[in-house]
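These notes concern the structure reproduced below.
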Amino acid sequence: MKSISGKKFAKILERHGWELLRIQGSHHIYCQLDNPTRISVPIHGNQDLKIGLLKHFLKQAGLSEEDI
């Protein structure tokens with residue numbers, strides 16, 4: 001699995017129906033209307049997300065590695 005930036009992951013979430021709920025500092029919090037899960041994506045410029053965090057976000061969002 002390749003690592004991607006928080007900005008790119010946020011765009012992937014938006015393509016799959018996640019909406020930006022609010023921004024708190026450098027973290028963008030995403031939600032879905034029919035899903036109580038919240039995903040807090042750190043946006044630190046173009047800095048890549050660590051692989052473990054990326055896998056955790058994918059699991060929370062119900063996405064697979066192919067969706068990236």
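Under full-length UniProt numbering, the first residue of the sequence shown carries the number 1, and numbering increases by one thereafter.
Even glycine gets a Cβ: it sits at the ideal position worked out from N, Cα and C.
Beta-ladder partner(s) of S64, from DSSP: Position 64 of the sequence shown, counting from 1, holds the residue named residue 64. According to DSSP, which records beta bridges pairwise, S64 is partnered with nothing at all.
DSSP-derived helix/strand/coil call for L33: Working through the sequence shown from its first residue, we reach residue 33 at position 33. The answer is coil: DSSP assigns L33 none of H, G, I, E or B.
DSSP-derived helix/strand/coil call for I4: On the sequence shown, position 4 is the one that residue 4 refers to. Three-state result, I4: coil.
Beta-carbon proximity check, L13 vs I39, cutoff 8 Å: Position 13 of the sequence shown, counted from the first residue, corresponds to residue 13. Position 39 of the sequence shown, counted from the first residue, corresponds to residue 39. Contact flag set, yes.
8 Å contact criterion, which residue 76 and I4 should meet: CB distance rounded: Since the first residue of the chain shown is 1 and the last is 68, residue 76 is not available in this structure.
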